Amino acid sequence: MPAPAWAARASDEDDEGFDVRIIAVLALPLFAISWALFNVWRVAFRQVVRQGENAKGNAL
């Protein structure tokens, strides 16, 4: 009795090695999260610097 088409396809995919689709699917969200964190920390750092300047008496 022949195996179903999906079973044959699944066994073929196992022989290919590492599945690159995982990287393709995760790359965009990881880039977006890292970009958002970069911007948040950049703005937070600027505000800390400004508060330090205002504490010294330097008005902006």
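Every letter in the sequence shown is one number past the one before it in my numbering, and letter 34, counting from 1, is 295.
Every residue gets a Cβ at the ideal spot worked out from N, C-alpha and C, and that includes glycine.
On a predicted model such as this, the values are computed, not experimentally measured, just so you know.
Nearest-angstrom Cα distance between Ala316 and Val286? One-based indexing of the sequence shown puts residue 316 at position 55. One-based indexing of the sequence shown puts residue 286 at position 25. Near 47 Å, if we compare the C-alpha coordinates of Val286 and Ala316.
In whole angstroms, what is the alpha-carbon distance linking Ala288 and Asn300? Residue 288 sits at position 27 when you count from the first residue of the sequence shown. Residue 300 sits at position 39 when you count from the first residue of the sequence shown. Using only the alpha carbons, I get a separation of about 18 Å.
Please state whether DSSP places Glu224 in a helix, a strand or coil. With the chain running from 262 to 321 in the structure shown, residue 224 is simply not present.
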